[in-house]
Amino acid sequence: MSQDAQQTPHRVVVIGSGFGGINVVQSLEKAPVQITLIAKTTHHLFQPLLYQVATGILSEGEIAPPTRLILAKQKNAKVLLGDVEQIDTASKTVVSRIAGSRRRPATVVTTPYDTLVIAAGADQSYFGNDHFSEFAPGMKTIDDALELRGRIVGAFELAEATNDPVEQERALTFVVVGAGPTGVEVAGQIAELAHRTFKGAFKNIDARQARIILLDGAPAVLPPMGKKLGEKAQKHLEKIGVEVRLDAIVVDVDQDGVTYKDKAGALHTIATKCKVWSAGVAASPLGKQLAAQTGVELDRAGRVVVDKDLSVPGHPDIFVVGDMASVPGVPGMAQGAIQGGKHAAKMIKGDFKGEPRKPFKYLDKGSMSTISRFSAVAKVWKFEFSGFIAWVLWLFIHLYYLVGFKNRVTTIFSWLGAFITPGRAQLTITHQQIQARIALLERNAILREQAEAAARGAEENSAAPAAEAAAPKAATN
Ligand SMILES: Cc1cc2nc3c(=O)[nH]c(=O)nc-3n(C[C@H](O)[C@H](O)[C@H](O)COP(=O)(O)OP(=O)(O)OC[C@H]3O[C@@H](n4cnc5c(N)ncnc54)[C@H](O)[C@@H]3O)c2cc1C
């Protein structure tokens, strides 16, 4: 790869502004390349703190600064808003779209690349039961977190407004599916909302009567953290009022409740209004598209099985990093994406110097999860921490990785407010948030129908001149 041989600077297109994407771009700051970062959101999202947006501790802006502002001073990088719909490895182009509306057509942009880095992350997986998503949102995006906030606060409001005891109980029962870090953190925070923040705030109900049930098909809480920390986390959750049900496989979710199968095979239905899904991930569908064109293997979660240098086998000009990449020993965590992004950038820079590609080496920096204020569990190499020390460690590490000085300062103040006093500053909800999923599903259906109608119209139009041309011929024949 020589820049001299080309008229234009080497074009690097990066898909995704998460941990993987942003680290690729920033690590290429001094490289002789022209970077276009395409993402379907205008922000860089710090996903580990999404649950604090959902439960009113932080505002969305504190964990999602605009990508454009983060990269404003980087001269060789530009940011393009768009949902990447098509990657064409033959013509080396990426097609992205900013969705239109009923009246305005979508804006479609085709961006050519010399090197492509795909860091489009993962979506929630419902293990083949996608219809659960309408009733039990996951937590992957700011939209998800704000909607969950609407659903959580909305459930307390509904309980207050009704005098029907059955409806009240249903509204005050919260079910969180998945006892990984996200599930544990959300369940712990709903319990704190009920027991601290909303204590005495409602007059028709006692918010402390809320039941928070954490379900998981596995026999332990936080399985990757090991037996000891998992048991500690479970004990603490139970102490703050979370019911933990393990070996519980969810088989159905609808408007009214959640049904799960226990270890003995018996079915149990929990009547609940607010459900949260945090059980499983599926890599971005862009992986499938890449596989169809390059023949690259995908793993069970749809992640791309990359080469040792993180490129697609047989395609040294395409890298896949972060949650979308399947690399042995690398977990789907922020560090995997950060280090993977930096490695891909290093390989791109090395290509200019004619250096051979090197395998990606992941440095495990440990994992941690909060349970409630002042309590967390953390595993760093062979060292295990729990309680207050782990919580302080958690605070520092999350502050360190949060992007932007201003965001760090405002987050410290928000945390002080939420952890020292029972109040939370971000409990505003809007009608839009509560209805978000249904509204988005309906909007997407309308846009899909419009696109299909437009495609049909285009086909008919292109067929018409052909028919006209054929008609006189037929007549003369
Ligand atoms: C709720 C939650 C809590 C977590 N907690 C922790 C934690 O405590 N510690 C930890 O280490 N990890 C945690 N993780 C995991 C960590 O956040 C991910 O591993 C990490 O974000 C992966 O980075 P990524 O760049 O691969 O993907 P992401 O950060 O998901 O970024 C993907 C990017 O791609 C964009 N994108 C996707 N599809 C398209 C498309 N078609 N077109 C254009 N753009 C697209 C998205 O908008 C986004 O900008 C958590 C994850 C979640 C969801």
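Residues in the sequence shown are numbered from 1 upward in steps of one, following the UniProt record's numbering.
All C-beta atoms, glycine included, are put in the ideal place defined by N, C-alpha and C.
Between the C-alpha atoms of W394 and A453 there is a straight-line separation of about 51 angstroms. The alpha-carbon separation between P181 and A218 amounts to approximately 14 angstroms. For T269, the enclosing beta strand (DSSP E) begins and ends at 267–271.
In this structure, L290 sits near I87, with a CB-CB distance shorter than 8 angstroms. The way I'd put it, the region 201–219 does touch the region 243–263; three or more beta-carbon pairs between them come closer than 8 angstroms. Between ligand 1 and the CB of D143, the shortest heavy atom gap is not smaller than 7 angstroms.
With contacts defined as CB atoms closer than 8 angstroms, G314 and G302 fail to qualify as a contacting pair.
D323 has its alpha-carbon roughly 28 angstroms from the corresponding atom of R443. If you draw a straight line from the Cα of R208 to the Cα of H44, it is about 36 angstroms long. Membership of A161 in the alpha helix (DSSP H) is indicated by the continuous run 142–161. In the DSSP assignment, K379 falls within the beta strand (DSSP E) that extends over 375–380.
H236 sits buried, since 16 or more C-beta atoms from the chains shown fall within 10 Å of its C-beta. From the listed residues V79, G280, V276, G257, the smallest Cα separation to T269 is found for G257.
Between G138 and D130, the CB-CB gap reaches or exceeds 8 angstroms.
By the neighbour-count definition (other C-beta atoms within 10 Å, threshold 16), S462 is an exposed residue. For H44, the three-state secondary structure derived from DSSP is coil. M333 sits in coil when the DSSP states are folded into three classes, being neither helix nor strand.
Per DSSP, the unbroken alpha helix (DSSP H) holding L50 starts and ends at 50–54. Boundaries of the beta strand (DSSP E) around Y260: 257–261. Per DSSP, the beta bridge partners of Q34 are R11. Annotation for T421: no alpha helix (DSSP H) segment contains it, and DSSP assigns it neither H nor E. For L229, the three-state secondary structure derived from DSSP is helix.
Distances between the C-beta of T41 and the heavy atoms of ligand 1 include at least one below 7 angstroms. In this chain, the beta strand (DSSP E) harbouring I212 covers 211–215.
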